[in-house]
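Residue numbers (this note's numbering): 92 to 428. A virtual CB, placed ideally from N, CA and C, is assigned to each residue, including glycine. One structure is given below, encoded as C-alpha cells.
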C-alpha cells in the first residue's frame with residue numbers, strides 16, 4: 092500500500108497545548124504515515140487522535156508521547172473498524188507512550204474492531220512492532236490469522252505494556268499458525284536479549300480460535316490474570332493448540348484465568364526463573380492425544396533455573412495428565428492432586 096496523501100485536521104486546542112486530531116484517510120481509505128511525515132511530526136505528547144470513520148488499513152510509525160502525557164487514540168460516537176479491505180488492520184510501529192482506547196462510544200463495549208468483517212482472514216489484525224509503554228483497552232480483534240502481535244528479534248527491551256478488557260474471537264490460520272495473541276517466539280533459536288519487561292494481560296476474552304489462545308515469550312515480570320480462554324485449538328495444528336502458552340526466557344505469574352474447551356494443553360510453561368501458576372480453572376482441555384492440562388518444561392534458552400509453584404488450580408477432564416512436569420521425575424496425574 093502506497094502513501095497517497097498527507098492530511099491532519101486540528102479541531103481545537105486544549106489546555107497545555109494538547110490537541111484533538113483527525114487523521115485524514117488516503118484515497119483508498121487507509122492510513123500510511125511513517126515517522127518522517129508531517130502527520131506524525133504534528134502529533135505531540137498529550138494529543139488525542141479522534142477516529143470516527145472506518146479505516147481500510149492503518150500504519151503509523153514513530154508516535155511518541157510521554158509518561159505524563161501519553162498520546163490517546165479514541166473512537167468517537169460509533170464503533171470503528173480497521174482493516175475493512177486491507178491485508179492488515181492497524182500497525183503501530185516504534186510508537187511509545189500511547190493509549191489505544193475503545194471507550195469513545197457509550198453504546199459500544201468495544202469501540203474499535205480490528206480485522207475484516209467477512210471474506211479471507213487477514214494475516215495481521217493489530218500489530219505493535221517495537222512499540223512499548225502503551226495500554227490497549229476495550230477493543231475487538233477478529234477474523235484474522237493473528238490478533239495482538241509483537242515479535243521483533245533486535246533492539247531494546249519493551250517496557251510497561253497493559254492489554255485488558257478486550258475481546259479476541261473467531262481467528263483462523265491459513266497455514267500452520269494462528270494465535271489470539273502472539274508476543275515473542277517460542278523457538279530456542281530465537282534471539283534471547285529481547286524482553287517484554289513488566290507486561291500485564293488481564294480481563295480479556297479469547298474464544299473460537301484456530302490455534303493458540305495467548306502466547307507470551309521472552310517476558311520478565313509478566314502478569315497474566317483474570318482472562319477467559321475458550322474453544323481454542325479448533326484447527327488442531329501440532330504445537331499451535333495451547334490455551335495459554337508462556338514461552339522460554341520468561342518469569343512471572345499466571346493467576347485466576349479460566350481456560351476451557353480446547354484440543355491442546357490449557358497452560359504450557361516453558362519459562363525460566365520463578366513462575367507462579369495459581370487459582371486457574373482448566374476445564375475440558377487437552378482433548379487431543381499426548382496433551383496435558385498443565386505442561387511444564389524449561390526450554391533450552393538462557394536464564395535462571397525454572398522454579399515453579401502450581402497452587403490451588405481446578406483441573407477437570409485432562410486427556411493425559413492433570414499436571415506434567417518434564418523438569419523432574421514427578422508427574423501429577425488426573426485425580427491425584
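Worksheet item: Applying the criterion that 16 or more other CB atoms from any shown protein chain within 10 Å of the CB defines a buried residue, is residue 63 buried or exposed?
Response: Look at the range of the chain in this structure, 92 to 428, and you will see that residue 63 is not part of it.
Item to complete: Would you tell me roughly how many angstroms separate the C-alpha atoms of residue 112 and residue 181, rounded to the nearest one?
Response: Roughly 18 Å separates the two Cα atoms.
Worksheet item: Would you say residue 328 and residue 301 are within 9 Å of each other, going by their C-beta atoms?
Response: Result yes, Cβ atoms of residue 328 and residue 301 sit closer than 9 Å.
Worksheet item: In whole angstroms, what separates the C-alpha of residue 298 from that of residue 214?
Response: About 18 Å.
Item to complete: Starting from residue 167, trace the alpha helix (DSSP H) both ways and give me its first and last residue.
Response: Counted as a single uninterrupted DSSP element, the stretch harbouring residue 167 is not any alpha helix (DSSP H), since DSSP gives it neither H nor E.
Discussion item. I'd like to know whether the C-beta atoms of residue 292 and residue 260 end up nearer to each other than 9 Å.
Written reply: Cβ atoms of residue 292 and residue 260: not closer than 9 Å.
Fill in: Which residues DSSP lists as bridging residue 181, in chain order
149, 217, per the DSSP bridge assignment.
Discussion item. Quick check: what's the CA-CA separation for residue 353 versus residue 303?
Written reply: Distance between residue 353 and residue 303, taken at the CA atoms: about 9 Å.
Practice prompt. May I ask you to report which of helix, strand or coil DSSP gives residue 132?
Written response: Reduced to three states, the DSSP call for residue 132 is helix.
Fill in: residue 109, DSSP secondary structure in three states
Judged by DSSP in its simplified three-state form, residue 109 adopts coil rather than helix or strand.
Worksheet item: CB residue 248 to CB residue 211, shorter than 9 Å?
Response: No, the Cβ-Cβ distance between residue 248 and residue 211 is not below 9 Å.
Worksheet item: Whose C-beta lies closer than 6 Å to the C-beta of residue 395 among residues of the same chain, with five residues either side of it excluded?
Response: The beta carbon of residue 395 sits closer than 6 Å to those of 363, 364, all from its chain and outside the five residues before and after it, given in chain order.
Worksheet item: CA-CA distance, residue 147 and residue 410?
Response: For residue 147 and residue 410, the distance between alpha carbons rounds to 43 Å.
Worksheet entry | CA nearest to the CA of residue 381, picked from 163, 269, 356, 140 | Minimum Cα distance to residue 381 is reached at 356.
Practice prompt. Pick helix, strand or coil for residue 282, following the three-state DSSP scheme.
Written response: Note that residue 282 scores 48 on pLDDT, short of 50, meaning its location in the model is unreliable and no value can be drawn from it.
Discussion item. Suppose you measure from the CA of residue 282 to the CA of residue 203; what does that come to, to the nearest Å?
Written reply: With a pLDDT of 48 at residue 282, under the threshold of 50, the modelled position of this residue cannot be trusted; read the value that follows with caution. About 33 Å.
Worksheet item: When DSSP labels each residue in this structure, what does residue 175 get in the three-state scheme?
Response: Shown here, residue 175 sits in coil according to DSSP, grouped into three states, outside any helix or strand.
Worksheet item: Which residues mark the beginning and the end of the beta strand (DSSP E) in which residue 223 is found?
Response: For residue 223, the uninterrupted beta strand (DSSP E) segment begins and ends at 223-228.
Worksheet item: Between residue 273 and the rest of its own chain, which residues show a CB-CB distance below 8 Å, the 5 nearest in sequence each way excluded?
Response: In chain order, 237, 238, 239, 240, 241, 242, 303, 306 place their CB closer than 8 Å to the CB of residue 273, counting only its own chain and leaving out the 5 sequence neighbours on each side.
Item to complete: Please work out which residues of its chain come closer than 6 Å, Cβ to Cβ, to residue 164, disregarding the five sequence neighbours upstream and downstream, and give them in chain order.
Response: Excluding positions up to five away in sequence, the list reads 140, 191.
Item to complete: Determine the extent of the beta strand (DSSP E) in which residue 319 is found, giving its start and end residues.
Response: Judged by DSSP secondary structure, residue 319 falls within the beta strand (DSSP E) whose first and last residues are 319-323.
Discussion item. Tell me the rounded alpha-carbon separation between residue 407 and residue 350.
Written reply: Each residue's Cα considered, the two are about 11 Å apart.
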